[in-house]
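**Q** Residue numbers (this note's numbering), protein chains in the order written: chain H, 119 to 309; chain R, 976 to 1292.
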Amino acid sequence: MSATGQPVAGRDGLAVLDAEEIRRALTRIAHEILERTHGGDEVVLLGIPTRGVPLARRLAARIGEFEGLEVPCGSLDVTMHRDDLRLRPARALGRTDLPASGVDGKTVVLVDDVLYSGRTVRAALDALTDLGRPRAVQLAVLVDRGHRELPIRADYVGKNLPTSQREVVHVLLAEVDAQDAVMISDEGRTP
Amino acid sequence: MKRHLISAADLSRGDALLILDTAEELAALADRPIKKLPTLRGRTVVNLFFEDSTRTRISFEAAAKRLSADVINFSAKGSSVAKGESLKDTALTLEAMGSDAVVIRHSASGAAHRLAGWVRGSVVNAGDGTHEHPTQALLDAFTIRRRLKGPGARGSGLDGVRVTIVGDVLHSRVARSNVLLLSTLGAEVTLAAPPTLLPLAVDTWPCAVSYDLDTELPKSDVVMMLRVQQERMTAAYFPSVREYSRRYGLDAARMTRLPDHAVVMHPGPMNRGVEIAAEVADSARSTIVEQVANGVTTRMAVLYLLLGGTEFPEVAS
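1) Alpha carbon to alpha carbon, how far is Y274 (chain H) from H156 (chain H)? Give it in angstroms, no decimals.
2) Can you tell me which of R:A1237, R:K1010 and R:Q1111 puts its alpha carbon nearest to the alpha carbon of R1122 (chain R)?
3) Evaluate M1072 (chain R) with the Cβ neighbour count: other Cβ atoms within 10 Å of its Cβ, from every protein chain shown; 16 or more gives buried, anything less gives exposed.
4) What ranges does the beta strand (DSSP E) occupy inside the stretch 156-219 of chain H, keeping only unbroken runs of at least 3 residues that lie completely in it?
5) Going by DSSP in three states, L1133 (chain R) sits in which element: helix, strand or coil?
6) Which first and last residues belong to the alpha helix (DSSP H) in which D248 (chain H) is found?
7) DSSP three-state call for T1231 (chain R): helix, strand or coil?
8) Output the boundary residues of the alpha helix (DSSP H) element that contains M1275 (chain R).
9) Mapping the DSSP letters down to three states, classify E285 (chain H) as helix, strand or coil.
10) Give, in chain order, every residue of the stretch 204-216 of chain H whose Cβ lies closer than 8 Å to some Cβ of chain R.
11) Which chain H residues are close to L993 (chain R), counting only those with a beta carbon under 7 Å from its beta carbon?
12) Please tell me whether T1110 (chain R) has its Cβ less than 7 Å away from any Cβ of chain H.
13) Distance cutoff 7 Å, beta carbons only. Does D248 (chain H) sit that close to anything in chain R?
14) Anything in chain H within Cβ reach of G1284 (chain R), meaning under 9 Å, just list it in chain order.
15) Check each residue of the stretch 189-200 of chain H: if its Cβ is closer than 8 Å to any Cβ of chain R, include it; give the result in chain order.
16) To the nearest angstrom, report how far apart T238 (chain H) and E1107 (chain R) are at their CA atoms.
17) Step through the CB atoms of chain H and report whether any lies within less than 7 Å of the CB of E966 (chain R).
18) Looking at the structure shown, is S1310 (chain R) part of a helix, part of a strand, or coil, going by DSSP?
19) Going by beta carbon distance, what residues of the same chain come within less than 6 Å of H979 (chain R), once the five residues before and after it are set aside?
20) The alpha helix (DSSP H) spanning L986 (chain R) covers which residue range?
21) What are the boundary residues of the alpha helix (DSSP H) that includes K1124 (chain R)?
22) Mind checking whether M1200 (chain R) and L1225 (chain R) have CB atoms under 7 Å apart?
23) Suppose contacts are defined by Cβ-Cβ distances below 7 Å. Is A1112 (chain R) in contact with L1156 (chain R) by that definition?
24) By alpha-carbon positions, which one of R:K1040, R:R988 and R:T997 ends up nearest to G1127 (chain R)?
25) Could you list which residues in chain H have their beta carbon closer than 7 Å to that of Y1279 (chain R), in chain order?
26) Excluding the five sequence neighbours on either side, which residues of its own chain have a C-beta within less than 8 Å of the C-beta of V294 (chain H), listed in chain order?
27) Pull up the distance between the alpha-carbon of M119 (chain H) and that of L290 (chain H), whole angstroms please.
28) At a cut-off of 6 Å, is Q1266 (chain R) close to the ligand NAD when judged by its beta-carbon and the heavy atoms of the ligand?
29) Starting from L1156 (chain R), trace the alpha helix (DSSP H) both ways and give me its first and last residue.
30) For the beta strand (DSSP E) containing Y1186 (chain R), list its first residue and its last residue.
31) Could you give the C-beta distance for V1203 (chain R) and N1246 (chain R), rounded to a whole number, given that I count them as a contact under 8 Å?
32) Can you tell me whether D136 (chain H) is buried or exposed? The criterion is at least 16 other CB atoms within 10 Å of its CB, across all chains shown.
33) Taking C-beta pairs closer than 8 Å, name the residues in chain H that D996 (chain R) reaches, listed in chain order.
34) Exposed or buried, V1264 (chain R), counting other C-beta atoms within 10 Å across all chains shown (16 or more means buried)?
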């Protein structure tokens, strides 16, 4: 759902979250994860490429600040498990990088930027099954924009953003896009 | 990427890097408890082998199965399957069975190219005569990159890497594909062989030629030994196997001339004691076993990129 790379300058769109708001939302999610997992023991954060990965790292860093706890953090590529592979030419794979401790018996928190149809998360659940057997799986997203096509919901949400299906939500993160922002735009007007 | 993989020359630098980077991600699969991905479920890959092969056929079979494709093995070993008409009939039979990709090995150069005009699916050349063997070149490039630059070298080519390919270049489809692919990736390739075992138009290839192995060894990052293909040798290309081995074989004494970081490769099967000595083949520099493992990974990447996405639009033939 996110744009590929360029800073927003000049793009027609409405900023719905700025850098400060993203920071606060992640801080709250980090606290919520600690609360819901009783102190963050046995938690593994797995980001879904591309932008879920830096988000997972930021959450891990915050949990480290708050509790002095090193939370294992990795990435989980879901490309090979997607249900829409045949709708587009074969695409490049993202990285799957599991922490050395693995996922068996852990509480895995999947982290992604935007929750939309839920199909990416379904693919992630399948990919995770092949990697081990977590005790529980939870989902953290920066933006939930609605329009679910599968019975999937997020456990931690940065912002609920009511959208129409015509609109496009772009999450920009400093690690990838040189700045932090969440933008919403009309598809017809984006380049 | 094109729809077929017939020649290493079909691959642009971008295509080649995409395959190597995809293989890099898929390599991690070998360490996982479940070595399988659901990506090609419901797709059929036919292994059409008109020539003897163990490692290539098994490698393609393992690659297709790890991606959950159905595999049909067709082996014409020992039969008198002629070229032309009967290859076409076989192709039409496979077509009727609903194959999505055909992996073909044939003793006639150009067989894969012909087949590509007859079937709807993708054709992967697994060796056609003395012409090409592009997936071998891809796995060799992948092995070189991993050995010299480490497993994290995504996106990088082989710029400036000096590769010396030694031996029977004339009969070698591996050499031709490697010269084309490695030079696309930026490597500097030198062929070291007796003049009788070099093809006629070798001066048009993107590589240098030398008749003296000993002067090339100290400047090489990679030495690739080719098999002496006795089954294809219909004339006297060198006086005796012993003389060939003395001048172009890699033995332990010659290996000491290599720089410390250099690696020794061989596409297999080896003639131990002819082009490569046993102590070299089993040394720490040798990548021969890695090449087999990397073969499965690289072929998975090729099958995924050819079959994993939208079907290619019909091409009018």
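Using N, Cα and C, we set each Cβ at its ideal position, and we do this for glycine too. Computed from a predicted model, the values in this text were never measured in an experiment.
**A** In short, the structure shows the following:
1) In a straight line, the C-alpha of H156 (chain H) is about 15 Å away from that of Y274 (chain H).
2) R:A1237
3) exposed
4) 161-165 and 191-193
5) Looking at L1133 (chain R) - three-state DSSP - the assignment turns out to be coil, as it is neither helix nor strand.
6) R237 to L249
7) coil
8) I1263 to L1282
9) strand
10) R204, L205, R206, P207, A208, R209, A210, L211, G212, R213 and T214
11) A210
12) Between T1110 (chain R) and chain H, the shortest Cβ-Cβ separation is not below 7 Å.
13) yes
14) L203, R204, L205, R206, P207, A208 and R209
15) D195, M198 and H199
16) 40 Å
17) A question about residue 966 (chain R) goes unanswered here, because the residues of chain R that appear run from 976 up to 1292.
18) This structure leaves residue 1310 (chain R) out entirely; chain R is present only between 976 and 1292.
19) A1091, S1097 and V1098
20) Run containing L986 (chain R): none; DSSP gives neither H nor E here.
21) P1109 to K1124
22) Closer than 7 Å, so yes.
23) yes
24) The shortest Cα separation from G1127 (chain R) among R:K1040, R:R988 and R:T997 belongs to R:T997.
25) Ordered by position in chain H, the residues that pass the 7 Å Cβ test against Y1279 (chain R) are A208.
26) G123, T168, R169 and P172
27) Here the model assigns M119 (chain H) a pLDDT of 40, short of 50, so the residue's position is not dependable, and the following value carries that caveat. Each residue's Cα considered, the two are about 11 Å apart.
28) The model depicted lacks the ligand NAD and carries no ligand whatsoever.
29) R1148 to T1159
30) Taken as a continuous stretch (DSSP letters only), Y1186 (chain R) belongs to no beta strand (DSSP E), as it is neither H nor E.
31) 6 Å
32) Exposed is the call here.
33) Within 8 Å Cβ-Cβ: A210 and L211.
34) exposed
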